[in-house]
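S.K.: Numbering that gives the first Met the number 0 applies: residue 0 is where the sequence shown begins, and numbers increase by one.
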Amino acid sequence: MKLTPKVVKKMKINEFIGKKFSCECGREHYMDMNAIVIENGAINKIIDVINKYGSKYPLIIADSNTYKVAGEMLESLLDSENIAHKEVIYQTKCSLVPDEEAMGKLILAVGDNTDLLIAVGSGVLNDLTKYISRRTGLKAVIIATAPSMDGFVSDTSALTIDNLKTSVSCELPKVVLGDVDILKQAPERMILAGLGDMIGKYSALTDWKLSEIINNEYYCATTATISAEAIQKCVDNINGVKKRSDAAIANIMDGLIRTGIAMSYVNNSRPASGCEHHLSHYWEMMFLFQGKEALLHGTKVGITSILAGKIYETFAQEKVDFTAAIRKARNFDASKWEDNIKQFYGKAAAGILKAAATDNRNCIEKRLERIETIRTNFTEITKLAKTAKTASFIENIMKCAGAPLRPQDVGVDETTVHNSMLMAKEVRQRYTILNMLSDLGLTEKYTEIIDDFIKK
Ligand SMILES: [Zn+2]
Ligand SMILES: [Zn+2]
Numbered sequence: 000m001k002l003t004p005k006v007v008k009k010m011k012i013n014e015f016i017g018k019k020f021s022c023e024c025g026r027e028h029y030m031d032m033n034a035i036v037i038e039n040g041a042i043n044k045i046i047d048v049i050n051k052y053g054s055k056y057p058l059i060i061a062d063s064n065t066y067k068v069a070g071e072m073l074e075s076l077l078d079s080e081n082i083a084h085k086e087v088i089y090q091t092k093c094s095l096v097p098d099e100e101a102m103g104k105l106i107l108a109v110g111d112n113t114d115l116l117i118a119v120g121s122g123v124l125n126d127l128t129k130y131i132s133r134r135t136g137l138k139a140v141i142i143a144t145a146p147s148m149d150g151f152v153s154d155t156s157a158l159t160i161d162n163l164k165t166s167v168s169c170e171l172p173k174v175v176l177g178d179v180d181i182l183k184q185a186p187e188r189m190i191l192a193g194l195g196d197m198i199g200k201y202s203a204l205t206d207w208k209l210s211e212i213i214n215n216e217y218y219c220a221t222t223a224t225i226s227a228e229a230i231q232k233c234v235d236n237i238n239g240v241k242k243r244s245d246a247a248i249a250n251i252m253d254g255l256i257r258t259g260i261a262m263s264y265v266n267n268s269r270p271a272s273g274c275e276h277h278l279s280h281y282w283e284m285m286f287l288f289q290g291k292e293a294l295l296h297g298t299k300v301g302i303t304s305i306l307a308g309k310i311y312e313t314f315a316q317e318k319v320d321f322t323a324a325i326r327k328a329r330n331f332d333a334s335k336w337e338d339n340i341k342q343f344y345g346k347a348a349a350g351i352l353k354a355a356a357t358d359n360r361n362c363i364e365k366r367l368e369r370i371e372t373i374r375t376n377f378t379e380i381t382k383l384a385k386t387a388k389t390a391s392f393i394e395n396i397m398k399c400a401g402a403p404l405r406p407q408d409v410g411v412d413e414t415t416v417h418n419s420m421l422m423a424k425e426v427r428q429r430y431t432i433l434n435m436l437s438d439l440g441l442t443e444k445y446t447e448i449i450d451d452f453i454k455k
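1) Which residues have their C-beta within less than 5 Å of a heavy atom of ligand 4, listed in chain order?
2) Within 8 Å, do at least three Cβ pairs link the segment 326-345 to the segment 176-193?
3) Nearer than 7 Å: is that true of the beta carbon of G120 relative to any heavy atom of ligand 2?
4) Taking 7 Å as the limit between beta carbons, can you name the residues of its chain near R405, skipping five residues before and five after?
5) Would you mind giving the Cβ-Cβ distance between A387 and S226, rounded to the nearest angstrom? I have them listed as a contact below 8 Å.
6) Just verifying my parser: in three-state terms, what is the DSSP assignment at L209?
7) For the beta strand (DSSP E) that contains C22, what are its first and last residues?
8) Considering only residues of the segment 90-168, which uninterrupted beta strand (DSSP E) runs meet the minimum length of 3 residues and lie entirely inside it, listed in chain order?
9) Is S147 near ligand 2, judged by its Cβ being under 7 Å from some heavy atom?
10) Using the Cα positions of D154 and K365, report the straight-line distance between them to the nearest angstrom.
11) Verify the contact flag: A271, CB atom, against every heavy atom of ligand 2, threshold strictly below 7 Å.
12) Is it a yes or a no for the segment 172-185 touching the segment 247-256, going by three-plus beta-carbon pairs under 8 Å?
13) From the DSSP output, which residues share a beta bridge with D178?
14) Let me check you understand the geometry: is the CB of V300 closer than 7 Å to at least one non-hydrogen atom of ligand 2?
15) Is the closest heavy atom of ligand 2 to the C-beta of D126 under 7 Å?
16) Between G199 and ligand 2, is the CB less than 7 Å from at least one heavy atom?
17) Helix, strand or coil for K85, going by three-state DSSP, please let me know.
18) My understanding is that G40 touches D161, with C-beta atoms under 8 Å, so please give their C-beta distance in whole angstroms.
19) Taking 7 Å as the cut-off, is the beta-carbon of D196 closer than that to any non-hydrogen atom of ligand 2?
20) Tell me whether H277, by its Cβ, gets closer than 7 Å to a heavy atom of ligand 2.
21) With DSSP run on the structure shown, which of helix, strand or coil describes K67?
22) Nearest CA to the CA of G25: which residue from T222, G122, K18, V152?
23) Please go through the same chain and pick out, in chain order, the residues whose beta-carbon is closer than 7 Å to the beta-carbon of S54, but skip the five residues on each side of it.
24) Output the boundary residues of the beta strand (DSSP E) element that contains L58.
25) Kindly confirm or deny that the segment 142-149 and the segment 58-70 touch, where touching means at least three C-beta pairs closer than 8 Å.
26) If we count the other Cβ atoms within 10 Å of its Cβ and call it buried at 16 or more, is D178 buried or exposed?
27) Give me the Cα-Cα distance between S272 and A229, rounded to the nearest whole angstrom.
28) In three-state DSSP terms, what is K353?
29) Would you kindly work out how many angstroms separate the C-alpha atoms of L204 and K51, rounded to a whole number?
30) Determine whether the beta carbon atoms of L171 and V152 lie at a separation below 8 Å.
31) Just tell me which of K104, L306, A261 has its CA closest to the CA of Q90.
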């Protein structure tokens, strides 16, 4: 069977995994997983999973919260079947950071007899476990405790290395168990974060298409459709989120996993992450440097998605002065740029300067070429910007679920938002509308627009 946008719309979640598909985009897509179970009571399937892999001594990885939520239940299930096991439990007074220390603790817990990794949690615990799975060759199973982020089945882990948030290649989990009875008891902010991460796919998909037009970047319409359908599923049930209906919670989890599948199909996070994620990553770094308690990833992404909506809807009406853009590009001042990186990124500046030295991001010739491509394809780009979801469209969805709408609602101050508009495009080497604004010399203008917008 050949994958096309039409075909993937009808596929059930388990039909995407474990077999190779050829796709309309010309590539083959494959996801090396065995099972995804999203249903009430899914945790009980763990015994079958352990038996299937012949595990005699699994390692349970949890933190003090997730241990209470599902770890205890897991242990009693294992005890009742006389399955010996060991556990590593992070004591988390504040949020766990996936850094060198956390990774070290986990690798020390892996013993000679460990034959399976079972992560009980979402987010950071998944990222750590999937990375250790890659390093050790041990299979990983995830028991999700909250539908809070889309990384359950992505083959990259977001780790904090030398203070810089870094995407690192990791192993896919073999099985994900999403027990709806457990997921629906997750704290409200985590469920809303999952929704926020899903809402971010709107601008992520537009950014991906934008980069295809400007940079001729690889784009797979089928994979983009998987992601778009996943958002639609969440939005269809939006009224059930506040009530925590089984269907609404299961659909958010399903959506998060489907975008993970989309990411794995193309081996990058394009179907799930664009400018809204870059803005969010910048906020996250500033919180870390300032010693502030981290916000949930999807909480930020939901809010930055509204900003992305505002940026796209404004650009849809933009009249670009290409002569001015070319002049600005020619006058690019590399040393001023470097000073800015040091000023705005603080401890993370070294990592960014190192990356920039190899990826050619400030090459004036390349920028001039892109400006030319934007000029040639301006009608198509404007048309694309008009298809992007507007800020008010996204706000209405989030309001319905009771999610925060403005940076200030979650403690992100106006200066951080302002600086992120100026500098977030440097977080990753990935072309989004923020890069296009920079190419066109419009960064400052749009920063002011967002400065005003968030006051409303
Ligand atoms: Zn494809
Ligand atoms: Zn995300």
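No residue lacks a Cβ here, since even glycine has one placed at the ideal position from N, Cα and C.
Here the structure is a predicted model, which means the values were calculated and not measured.
M.R.: From the atom records:
1) In the structure shown, ligand 4 is absent; the only ligands present are ligand 1 and ligand 2.
2) no
3) no
4) I302, I453
5) A387 to S226, Cβ: 14 Å. No contact.
6) helix
7) 20-22
8) 115-119, 139-142, 155-160, 163-168
9) no
10) 31 Å
11) yes
12) yes
13) E38
14) yes
15) no
16) yes
17) strand
18) Not quite, the Cβ-Cβ distance comes to about 43 Å (not below 8 Å), so this is no contact.
19) yes
20) no
21) helix
22) T222
23) D114, L115
24) 57-62
25) yes
26) buried
27) 14 Å
28) helix
29) 37 Å
30) yes
31) K104
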